[in-house]
């Protein structure tokens, strides 16, 4: 068994040796994705897509609970529509895929495959918003978007990716600001409770905010190697787009006014975050809330009479309790199966053999700690649920420890450069508010950028870590995917 | 109240007067969709999209129950990939939207926005199928596809539409043929039990089958006006694509073989079928299984003390029982609300006023028959569920009656032409098997085409209704959307 186990594991590069290669190995070997012949576009295989479906289900319920409704806009944006908001087009036009031929005719105006849909939503909002009675509009869309990326990496940066984009319109600035923050909180809660990922949240600097937004809020989980992944953003637009698209409504006081707007989104990058935050040298580790298989039921000595029957009954019992179980009665060796489900990150393994059946018990093994627990079949559901809950908290705990261990404080320029060079992770440091300093720090460090101004700022010193002028904010900095 | 009702209804053209305009009025006034500035692309508004979500939920559960897994393929197809299967490219290339520029560069090879994904699935199948152990592959994809249509109509024919496409690979021809038929049966069962639409099913003639398929099976519901809507198709490909894409596997007998393939799909056209099959001059009528709102709870004299509180409690009670309820406590008149939810096709209206509360009762009104029923609040859930079930069976019954009343039998050429001209609906007639006869009948009638060769054929006569030669099949004919 040990031998089999080893053989399987040898197929993945270790994290220590080469984190990037480890990542690539995991996404392939765990059968999450496959490459396609279209540059930068990936194939979501069943196991990878099932994770996305569970993410969708969890988020969609949260959005609807807060009154949001799903809609679907066209996937094409005429060039003239995309260019209506100046900052927005500058941000997105350079990375659009353009349709120039429809059927057998050259189009009179080329169409961008949507990189994001603010402009389409605005055009629709102009048609359906007339009075304060039509507000708020709380819309969300699940779709794929295209951004023509030069370098791509599965789940993290691909030319096409899947996401949700919320777009809302409100009577007042306050209401829109509250929505922007509320949706960031939804993301934060989901990252923590569903993905087992604690993260830094806060406001983006001017330089890093979304094209066309007044303010962008972000959630920034830290990967196991200390690198940040921008995990989701929520934007407050003020009435900028409303003015550009001439969206007005008759207010309660009978005045014609511009409504206030937000948008917010998370994408299949989340799957990348899960892999890089929780995975280990044996492969993926999936948080129970989104794991397509929560329990891998492995029969031991399955050729012996009664084993498979008892295993099937147990599977049905666990399924009936709402657990996602897979009974693997295939003809591969037990060791191969153990490695296989470890690789696939199944949170709990359940072993059931003739001896166990005799003793009315079974063995549970945690994917995180690999701890074995002998439990009675009389309360197997409670035991499995308890171990799943334990896996979740252990994942949160580990990620929290990683986040705090790899968080350095820098009060001087020297300290900052030293941390950037020698300490993988985030850096807390004061900043004057000038984009030039962000630019300089990025250049000096070969890529460390401001992640965000967190909601609660420590006062580390009075001066900017870069220029020494008066500090305005404490910023969390880091390299990113 | 009657006056209000009338005012609302005046906004829709009657079906008798102009069925096409009635359809357009309904999709707009019931707020199912809106037009976009992109030719042929529509916007799914919340109410329309919610119907699609319920359809997805129902179908997805059925697919998974049968062992299918969801995946996601890229939205782009390189031209060289699309052209690998000769018949397939001839069918689709003329109606593709082509991406020719990515980012700021002209692409070396243009990319079609997927019109359907057989080619992408084949490319992936070639990578993941090696042994009989890898079969069957039972995949499904939910996505949007693009076919550059010249004339478009909301839900029925649009340049972009939403759909599911199942793609499966099998060891044997028999297994693939069984899958093809099984999935048609799933569609048939779903049309009947979820959409309340009985339909004709059968095999497409050579002329009408899918580009690249050996056989195409179809479900053909009849709209209220007697016109057919191709409601879903299921294709058996044999090993044609497998050969074109060089997909092989090592069989149980150690021989290298080509696997056998199917694909099957239904789209947002289904929403068009629901509208045109069930709607009436007061608007939409939605089958309870997919209605976003199953019960519209309208408080009467809602300003009177206790009415809104009792209504809210009733709503919560119905919701807890799993019903989709909307309590409308807005400030519009009761009559306006009645018309509004009739227009939106909500199957059951529940009225609750001070008198009702005094009597511990409420009023249920069926959207189909408009029959009022006074029921006790003690068993309101059972009563609502019973009325929903009744609405479903009445819809099925009405649609079945329409289908049988508008089914004509023609045994001579003259009878066929007469039916085509004077009797809206389907025509049963014998056919020799020659495409030339199909072509001739279509030309002579201005559009009557073979819908399908039904699974059970009546023997109407010995000769083809067109050429008089020996008949091979009984075909159901009809005009189509």
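Protein chains in written order, with my numbering: chain A, 115 to 595; chain B, 115 to 595.
Glycine is no exception: its CB is placed at the ideal position from the N, C-alpha and C atoms.
Keep in mind that this is a model prediction, so the values were computed, not measured.
Classification of residue i by the beta-carbon crowding that lies within 10 angstroms, buried from 16 upward
{"i": "residue 180(B)", "result": "exposed"}
{"i": "residue 488(B)", "result": "exposed"}
{"i": "residue 518(A)", "result": "exposed"}
{"i": "residue 374(A)", "result": "buried"}
{"i": "residue 381(B)", "result": "buried"}
{"i": "residue 188(A)", "result": "buried"}
{"i": "residue 527(B)", "result": "buried"}
{"i": "residue 515(A)", "result": "exposed"}
Option in the options with minimal Cα separation from residue i
{"i": "residue 525(B)", "options": "517(B), 534(B), 518(B)", "result": "534(B)"}
{"i": "residue 298(B)", "options": "332(B), 579(B), 221(B)", "result": "332(B)"}
{"i": "residue 529(A)", "options": "519(A), 518(A), 169(A), 542(A)", "result": "542(A)"}
{"i": "residue 365(A)", "options": "459(A), 187(A), 284(A)", "result": "284(A)"}
{"i": "residue 420(A)", "options": "146(A), 474(A), 507(A), 234(A)", "result": "474(A)"}
{"i": "residue 572(B)", "options": "552(B), 156(B), 588(B), 452(B)", "result": "588(B)"}
{"i": "residue 581(A)", "options": "591(A), 432(A), 548(A), 567(A)", "result": "548(A)"}
{"i": "residue 502(A)", "options": "522(A), 491(A), 443(A), 461(A)", "result": "461(A)"}
{"i": "residue 538(B)", "options": "559(B), 546(B), 527(B)", "result": "559(B)"}
{"i": "residue 385(A)", "options": "459(A), 546(A), 433(A), 481(A)", "result": "459(A)"}
{"i": "residue 194(A)", "options": "401(B), 445(B), 152(B), 165(B)", "result": "152(B)"}
{"i": "residue 367(A)", "options": "323(A), 247(A), 259(A)", "result": "247(A)"}
{"i": "residue 493(B)", "options": "469(B), 431(B), 509(B)", "result": "431(B)"}
Three-state secondary structure (DSSP) of residue i
{"i": "residue 391(A)", "result": "helix"}
{"i": "residue 568(B)", "result": "strand"}
{"i": "residue 246(A)", "result": "helix"}
{"i": "residue 148(A)", "result": "strand"}
{"i": "residue 409(B)", "result": "strand"}
{"i": "residue 307(B)", "result": "helix"}
{"i": "residue 217(A)", "result": "coil"}
{"i": "residue 431(A)", "result": "helix"}
{"i": "residue 239(B)", "result": "helix"}
{"i": "residue 519(A)", "result": "helix"}
{"i": "residue 544(B)", "result": "strand"}
{"i": "residue 183(B)", "result": "strand"}
{"i": "residue 372(A)", "result": "coil"}
{"i": "residue 378(B)", "result": "strand"}
{"i": "residue 169(B)", "result": "helix"}
Short CB-CB distance (under 9 Å) between residue i and chain B
{"i": "residue 214(A)", "result": "yes"}
{"i": "residue 264(A)", "result": "yes"}
{"i": "residue 469(A)", "result": "no"}
{"i": "residue 148(A)", "result": "yes"}
{"i": "residue 190(A)", "result": "yes"}
{"i": "residue 284(A)", "result": "no"}
{"i": "residue 125(A)", "result": "no"}
{"i": "residue 459(A)", "result": "no"}
{"i": "residue 116(A)", "result": "With a pLDDT of only 40 at residue 116(A), under the threshold of 50, the placement of this residue in the model should not be trusted; the figure read from the coordinates follows. No - not a single Cβ of chain B is within 9 Å of the one on residue 116(A)."}
{"i": "residue 270(A)", "result": "no"}
Sequence-distant residues of the same chain with beta carbon closer than 6 Å to residue i, five excluded per side
{"i": "residue 563(A)", "result": "556"}
{"i": "residue 118(B)", "result": "Only weak support exists for where residue 118(B) lies, its pLDDT of 44 falling under 50; the coordinates are left without a value."}
{"i": "residue 236(B)", "result": "355, 359"}
{"i": "residue 593(B)", "result": "341, 561, 562"}
{"i": "residue 569(B)", "result": "316"}
{"i": "residue 281(A)", "result": "235, 253, 377"}
Partners in chain C for residue i, counting only beta-carbon separations shorter than 8 Å
{"i": "residue 185(B)", "result": "No chain C appears in the structure shown, which is made up of the protein chains A and B."}
Cβ-based neighbour list, residue i, same chain, cut-off 7 Å, excluding 5 preceding and 5 following
{"i": "residue 192(A)", "result": "223, 225"}
{"i": "residue 441(A)", "result": "411, 425, 426, 429"}
{"i": "residue 201(A)", "result": "325, 326"}
Own chain partners of residue i with C-beta closer than 8 Å, once the 5 adjacent residues on each side are dropped
{"i": "residue 302(B)", "result": "313, 315, 333"}
{"i": "residue 337(B)", "result": "343, 387, 390, 391, 595"}
{"i": "residue 339(B)", "result": "129, 133, 390, 538"}
{"i": "residue 596(B)", "result": "Here chain B covers residues 115 to 595 and nothing more, so residue 596(B) does not appear."}
C-beta neighbour in chain A for residue i, strict 9 Å
{"i": "residue 210(B)", "result": "yes"}
{"i": "residue 281(B)", "result": "no"}
{"i": "residue 273(B)", "result": "yes"}
{"i": "residue 506(B)", "result": "no"}
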